[in-house]
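Visitor: Residue numbers for the sequence shown follow my numbering, so the first one is 751 and each next one is one higher. Using N, Cα and C, we set each Cβ at its ideal position, and we do this for glycine too. My questions will all concern the structure given below.
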Amino acid sequence: MVRKVEIFDTTLRDGEQTPGVALNVYEKLEIARQLAKLKVDVIEAGFPIASNGDFNAVKTIAENVKGPVIAGLARANFKDIDRAAEALKNAESPRIHTFIASSPIHMQYKLKMSPEQVLEAAVEAVKRAKSYFEDVEFSAEDATRSDVEFLCKLFSQTIKAGATVINIPDTVGYTTPEEFANLIRTLRERVPEMDRVKISVHCHNDLGMAVANSLAAVVNGATQVECTINGLGERAGNAALEELVMALVTRKDIYKVDLNIDTRQIYRTSKVVSTLTGIHVQPNKAIVGANAFAHASGIHQHGVLSEKSTYEIMTPESIGLTSNRIVLGKLSGRHAFVQRLKELGYELSEEETNRAFERFKDLADKKKEITDSDIEAIVEEQVTKIPQLIELEYFQTSSGNQAIATSTVRVKIQGNTVEEAATGNGPVDATYKALERACNINCKLVDYSIKSVSAGKDAIGEVVVRIEKDGKIFTGRGLSTDIIEASARAYTDALNKTLYNSNGNKPAETNEEE
Ligand code: KIV
Ligand code: ZN
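This is the structure:
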């Protein structure tokens, strides 16, 4: 009989812990909606006690995204659990995911608690979570470096206290497929209660084995796998959803499990996540990298042309890559644009379509052919826009290898027009200084990257910047066929986010140490 394995996506929680990633509530909601289209079984929407921003994001997702279970993370204490319950209370299917470390090293040095105290805290936490919702997940953090006897006791008692899902994390990416398989088997043999709950695994990628370890767990009885889009996550990241899913689908002959995932949404989901997080996908990344389905050598090209399966073990269409080369241009009307949006799988509101179409027209004036990649970039830029408190109205730069770069900018800030000029080390630097002056915002540029969205000399340049203000990171993104304009737009976007943050999306007061 074919077993069902559930996909638990933690892009919005563990994935958001990727260094440099900071998503606002609009962006998180957009990702959650896309995850629902991908048909993941569970979306871990965040860690509600961590900040007011995280709380609001979990609450917003719980209230607006239907289909998947919505989970919120909580340490094994009442304050965390009560906050998670508050954020999740309007979800269609809420789950509290509570955790505590179980390894000697974490108990002694981090928690400063004895195993007995950890056991008691875990049981009390599960009971508290159960008083809110039926669905409760318990994780033994650093399980793979824990004493197996202790793990058995912890899992047996938390299941008796009401846990419906038991998660076995390889928190530091230390285990190997053989060792992890053995651990899952041993736990199932020694803890009879595990038969009546879902068995979950959560693998980190420090040794590059997160996917292999998760698959080994599936073979040995795991019924839920935790993962992230593009393998985002703490340090080297988590198991990549797209790799896990396509391994389970492509080698169903071996794994013999069914998934609910709509694999044709994988590519789109990867794109949305890389765009909104600003973390680019490496070209040779399995499944979703730009080269994953490219055949460069003559021998391979020849083989694929005669019979695709010579070098393709899965089809590009199976992950939602289309070979459709329809291009739009200056003469394409709204109807053609809307039609292409539909074909690409977008369901935009009237207002979002209007904004995207305006931007499309603007670009079509400067660029002869607008490809699918361009359209995707435009839509992501427009749809996830937070309220624009700062608008870039105009900029002009002059620079040269013998000249001092200068820039003049005009911005509208909450209705007031401000003009400023500055000199700098190149036109981008000068523009950024002028923008900071005009907006009266002091911040530090910590990262700047530029890449082209599509091919050709008139390609759209995509600039992603990260700025730091008051210890927080804000990501901005800008598109244009002119790279200085793309740079200015990206900076304005990031500056807008700093204002949005201080206008209602504030981080909470520092929380107690874990
Ligand atoms: O890596 C880990 O152990 C975690 C837990 C909170 C599940 O992220
Ligand atoms: Zn983790």
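Can you grab the Cα-Cα spacing for the pair P769 / R1216, in whole Å?
Guide: Computed Cα separation, rounded: 11 angstroms.
Visitor: Pairing CB atoms from the region 1006-1023 with CB atoms from the region 775-791, are three or more of them under 8 angstroms?
Guide: At 8 angstroms Cβ cutoff, the stretches touch.
Visitor: Scan the region 1098-1137 and note each continuous alpha helix (DSSP H) run of 4 residues or more that stays entirely inside, going in chain order.
Guide: DSSP runs (the alpha helix (DSSP H)) wholly in the region 1098-1137: 1100-1114 and 1122-1133.
Visitor: Counting pairs of beta carbons, one from the region 1183-1191 and one from the region 1153-1165, are three or more of them closer than 8 angstroms?
Guide: Result yes; three or more Cβ-Cβ pairs closer than 8 angstroms.
Visitor: I'd like to confirm the pairing. Which residues does DSSP put opposite A1153 in its beta bridges?
Guide: Paired residues: G1150.
Visitor: Residue range of the beta strand (DSSP E) that N1010 falls in?
Guide: No beta strand (DSSP E) holds N1010; DSSP gives it neither H nor E.
Visitor: Give the range of the alpha helix (DSSP H) segment to which T908 is assigned.
Guide: Start and end: V898 to K910.
Visitor: Evaluate the contact criterion for the region 1204-1212 versus the region 1122-1141: three or more CB pairs, one atom per stretch, below 8 angstroms.
Guide: Touching, yes, given that three or more Cβ pairs across the two stretches are closer than 8 angstroms.
Visitor: If you check the beta carbons only, do E794 and A812 fall under 9 angstroms apart?
Guide: Result no, Cβ atoms of E794 and A812 do not sit closer than 9 angstroms.
Visitor: Which residues in the same chain have their Cβ closer than 6 angstroms to the Cβ of G765, if we skip the five residues on either side of it in sequence?
Guide: For G765, where only same-chain residues beyond five positions count, the Cβ hits under 6 angstroms are T978, L982 and G983.
Visitor: Straight-line CA distance for Q1164 to E1141?
Guide: Each residue's alpha carbon lies about 9 angstroms from the other.
Visitor: Verify the contact flag: H954, CB atom, against every heavy atom of the ligand ZN, threshold strictly below 8 angstroms.
Guide: Yes, the beta carbon of H954 sits closer than 8 angstroms to at least one heavy atom of the ligand ZN.
Visitor: With which residues is E1212 paired in a DSSP beta bridge?
Guide: For E1212, which the question treats as bridged, DSSP gives the partners K1201 and L1229.
Visitor: Run the CB neighbour count on I934, radius 10 Å, all protein chains shown included, and call it buried at 16 or more, exposed below.
Guide: Answer is buried; the Cβ neighbour count reaches 16.
Visitor: Is Y1144 helix, strand or coil when you go by DSSP?
Guide: Strand at Y1144.
Visitor: Touch check for the region 832-851 and the region 883-898: three-plus C-beta pairs under 8 angstroms?
Guide: A contact exists between the region 832-851 and the region 883-898.
Visitor: What span of residues does the beta strand (DSSP E) with E756 cover, start to end?
Guide: Unbroken beta strand (DSSP E) run through E756: E756 to D759.
Visitor: Per DSSP, what are the beta-bridge partners of L1091 in this structure?
Guide: Answer is none; L1091 lacks a bridge partner.
Visitor: Just how far apart, CA to CA, sit S1230 and A1244?
Guide: If you take the alpha carbons of S1230 and A1244, they lie about 16 angstroms apart.
Visitor: In the structure shown, what three-state DSSP assignment does G1174 receive?
Guide: Strand at G1174.
Visitor: Is it buried or exposed for F828, if we count other Cβ within 10 angstroms and need 16 for buried?
Guide: With fewer than 16 other Cβ atoms within 10 Å, it is exposed.
Visitor: Assuming K948 and T926 make a contact with CB atoms under 8 angstroms, what is their CB distance in whole Å?
Guide: Rounded, the Cβ-Cβ distance is 24 angstroms, inconsistent with contact.
Visitor: State the beta-bridge partners of A826 as determined by DSSP.
Guide: BP columns for A826 are empty, so no partner.
Visitor: According to the neighbour-count rule (16 or more other Cβ atoms, all chains shown, within 10 Å of its Cβ), is V968 buried or exposed?
Guide: By the 10 Å Cβ count, V968 comes out buried.
Visitor: Taking the alpha helix (DSSP H) that E1062 falls in, what are its first and last residues?
Guide: No alpha helix (DSSP H) contains E1062, which DSSP labels as neither H nor E.
Visitor: Return yes when at least one heavy atom of the ligand KIV lies under 8 angstroms from the C-beta of S889, else no.
Guide: Yes.
Visitor: Compute the beta-carbon to beta-carbon distance between A1153 and G1174, rounded to the nearest angstrom, for a pair I have assumed lies under 8 angstroms.
Guide: In fact, because the Cβ distance is near 12 angstroms, the residues do not count as touching under 8 angstroms.
Visitor: Which of helix, strand or coil does DSSP assign to C953?
Guide: Of the three classes helix, strand and coil, the one that applies to C953 here is strand, per DSSP.
Visitor: With DSSP collapsed to three states, give me the class of N963.
Guide: Reduced to three states, the DSSP call for N963 is helix.
Visitor: What separation, rounded to the nearest whole angstrom, lies between the Cα atoms of R1084 and R1090?
Guide: Spanning the two alpha carbons is a distance of roughly 10 angstroms.
Visitor: With burial defined as no fewer than 16 other Cβ atoms inside 10 Å of the residue's Cβ, what is the status of N1151: buried or exposed?
Guide: Exposed, because fewer than 16 other Cβ atoms sit within 10 Å of the Cβ of N1151.
Visitor: So which of S801, R1014 and F883 has the shortest CA-CA distance to V790?
Guide: The candidate whose alpha carbon is nearest that of V790 is R1014.
Visitor: Which residue comes first and which comes last in the beta strand (DSSP E) that contains Q784?
Guide: Careful: Q784 lies outside any beta strand (DSSP E), inside the alpha helix (DSSP H) at V775 to L788.
Visitor: Among L901, F883, P844 and N814, which residue has its Cα nearest to the Cα of M857?
Guide: M857 has its Cα closest to that of L901, out of L901, F883, P844 and N814.
Visitor: Under 9 angstroms, do E1100 and V1133 count as touching if we go by C-beta distance?
Guide: Taking 9 angstroms as the Cβ cut-off, E1100 and V1133 do not qualify as a contacting pair.
Visitor: Could you name the residues that DSSP lists as bridge partners for L1078?
Guide: DSSP, once it has assigned bridges, lists I1120 as partnering L1078.
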